[in-house]
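Position in the sequence shown (from 1) plus 149 gives the number in the working numbering.
Reviewing the structure listed below.
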Amino acid sequence: MTYLSLPIIKAGIFAGIVMGIFAMAVNMIKLTTLNLTEYMGCMATGKKAGNESFIAGFSIHIIASALFPPIYLHIMQYFTLPLTLHTGIILGLGHTVIAGILLGYMDNYNICVKKKKIQAMHMFAQGHGNAGVATYLIAHVIYAMAVMYFLGAPLAY
150 MTYLSLPIIK
160 AGIFAGIVMG
170 IFAMAVNMIK
180 LTTLNLTEYM
190 GCMATGKKAG
200 NESFIAGFSI
210 HIIASALFPP
220 IYLHIMQYFT
230 LPLTLHTGII
240 LGLGHTVIAG
250 ILLGYMDNYN
260 ICVKKKKIQA
270 MHMFAQGHGN
280 AGVATYLIAH
290 VIYAMAVMYF
300 LGAPLAY
């Protein structure tokens, strides 16, 4: 089975957009200070705000979003997991654990964190309090469930 087909990549991109809308909405209504687009954009450009930083951060997010569905499908095939929203929850939780641990190390490479232009993430976005951790977890589960949906998972059993 080939995992790098256009429908699989598109599923990741659309799921990334869904995840991004959720995360931006939660940030805009001030439930959290977590803003991964700003964080990634700042890491790429050295600027906290502006079109250049937003475009860079959003582009990084969308590219990463396109790369995860092939990984999910490989895991699903290896463990013979069905294409369901329940599988999306499981994969989303696993994705959160791995990405959450790595997130803490990204602070070391973000020039804006070093210059104190933006808040450090720490592991699992703990730098943004409990709301940041919850947003990070929920956003990744939403992403994985959206991937399953866009790949054709039924909405009900």
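For each residue, glycine too, the CB sits at the ideal point set by N, CA and C.
In the three-state reduction of the DSSP assignment, residue 284 falls in the helix class.
DSSP, read as helix, strand or coil, puts residue 235 in helix. In this model, residue 238 and residue 191 are separated by some 30 angstroms (Cα to Cα). No Cβ-Cβ contact shorter than 9 angstroms links residue 206 with residue 215.
In the DSSP assignment, residue 170 falls within the unbroken alpha helix (DSSP H) covering 155-177. Per the Cβ contact rule, the stretch 296-304 is not in contact with the stretch 196-203 (fewer than 3 Cβ pairs under 8 angstroms). Here residue 280 is near residue 175, since their CB atoms are less than 9 angstroms apart. In the three-state scheme derived from DSSP, where H, G and I count as helix and E and B as strand, residue 303 is classed as coil.
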